[in-house]
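Here is the structure we will look at, set down as structure tokens.
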Amino acid sequence: MLEVRTIEPELTYHLRHAVLRPNQLIEDSMYDSDHEDHAFHVGAFYKKNLISVASFVIDTNSDFPIKKQYRLRQMATLEEYRKLGAGRAIVNYAENRIKERGVSFLWCKGRTTVQEYYSKLGFVPHGEVFDYPPIGPHILMYKKLT
Ligand SMILES: CC(C)(COP(=O)(O)OP(=O)(O)OC[C@H]1O[C@@H](n2cnc3c(N)ncnc32)[C@H](O)[C@@H]1OP(=O)(O)O)[C@@H](O)C(=O)NCCC(=O)NCCS
Numbered sequence: 001m002l003e004v005r006t007i008e009p010e011l012t013y014h015l016r017h018a019v020l021r022p023n024q025l026i027e028d029s030m031y032d033s034d035h036e037d038h039a040f041h042v043g044a045f046y047k048k049n050l051i052s053v054a055s056f057v058i059d060t061n062s063d064f065p066i067k068k069q070y071r072l073r074q075m076a077t078l079e080e081y082r083k084l085g086a087g088r089a090i091v092n093y094a095e096n097r098i099k100e101r102g103v104s105f106l107w108c109k110g111r112t113t114v115q116e117y118y119s120k121l122g123f124v125p126h127g128e129v130f131d132y133p134p135i136g137p138h139i140l141m142y143k144k145l146t
């Protein structure tokens, strides 16, 4: 039932805005890094409707002293379609694409509200909880891709 594939960055903006930053302008959900060379974006479709998105970028400003790494950003599933496996399917799909590019390290700044979700996907917490204004508490999480 779920179709997962890479999508253009512009397709992610509505979901990012609706799910992650509903109180901000939609422009606040558009990032320069979306269009960087190695960035890619993945969507999950349920009955042809886009229900979940995430973006994968190379971000060298991380706490991890690892040369080749990808960062997971802007993971969002529409509320009415949660716990159907869309988030997991997107991350699994992206992990394969990342490994094909010779990279075996994926990290994110996870909201503590969904830390358990990332743990279920195999991510491990790193360091202390920190504030990420204006969203709130986050924790770095990482996963070694095997
Ligand atoms: C976090 C989020 C992306 C999960 O998306 P999803 O499509 O519902 O995730 P999945 O259905 O693939 O869930 C995978 C597993 O994690 C579990 N899970 C999902 N959300 C969870 C949560 N909030 N807390 C704990 N476990 C969760 C699922 O039950 C499933 O477990 P299982 O494999 O044992 O059945 C979604 O809840 C969301 O968009 N939340 C609001 C935005 C947000 O916080 N994004 C992350 C920013 S860092």
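Numbering (our numbering), first residue to last: 1 to 146. Glycine residues also receive a C-beta, built at the ideal position from the N, C-alpha and C atoms.
Per DSSP, which one or two residues make a beta bridge with residue i?
i: Asn49; result: Tyr46
i: Arg73; result: Ser55
i: His126; result: Leu140
i: Tyr132; result: Gly136
Using only CA atoms, which one of the options lies nearest to residue i?
i: Asp32; options: Ser55, Val19, Ala18; result: Ser55
i: Lys136; options: Val124, Lys109, His126; result: According to the sequence displayed, residue 136 carries Gly and not Lys. Ranking the options by Cα distance to Gly136, first place goes to Lys109.
i: Gly85; options: His17, Tyr46, Arg71; result: Tyr46
i: Pro134; options: Pro22, Ala39, Val91; result: Pro22
i: Lys48; options: Glu3, Gln69, Lys67; result: Glu3
i: Val129; options: Glu79, Val114, Ile58; result: Val114
i: Ile90; options: Leu25, His14, Leu50; result: Leu50
i: Arg111; options: Asn61, Arg101, Val19; result: Val19
i: Gly87; options: Asp63, Asp34, Glu27, Lys120; result: Lys120
Would DSSP call residue i helix, strand or coil?
i: Asp37; result: coil
i: Thr146; result: coil
i: Tyr212; result: The chain is shown from 1 up to 146; residue 212 falls before or after that span and cannot be answered.
i: Leu140; result: strand
i: Gln24; result: coil
i: Leu15; result: helix
I need the boundaries of the beta strand (DSSP E) containing residue i, first residue and last residue.
i: Gly122; result: Looking at the DSSP string, Gly122 is not in any beta strand (DSSP E), and its letter there is neither H nor E.
i: Val4; result: 2 to 7
i: Lys109; result: 105 to 111
Within the continuous alpha helix (DSSP H) that includes residue i, where are the two ends?
i: Arg88; result: 86 to 100
State the CB to CB distance for the pair residue i and residue j, rounded to an integer number of angstroms; the pair is presumed to be in contact (CB under 8 Å).
i: Ser52; j: Gly43; result: 7 Å
i: Tyr117; j: Met141; result: Incorrect: roughly 10 Å between the Cβ atoms, too far for contact.
i: Phe40; j: Thr6; result: 5 Å
i: Phe105; j: Ile66; result: 5 Å
i: Trp107; j: Gln74; result: Between Gln74 and Trp107 the Cβ distance is about 14 Å, and since that is not below 8 Å, they are no contact.
i: Val57; j: Glu80; result: With a Cβ gap of about 28 Å, Val57 and Glu80 do not count as contacting.
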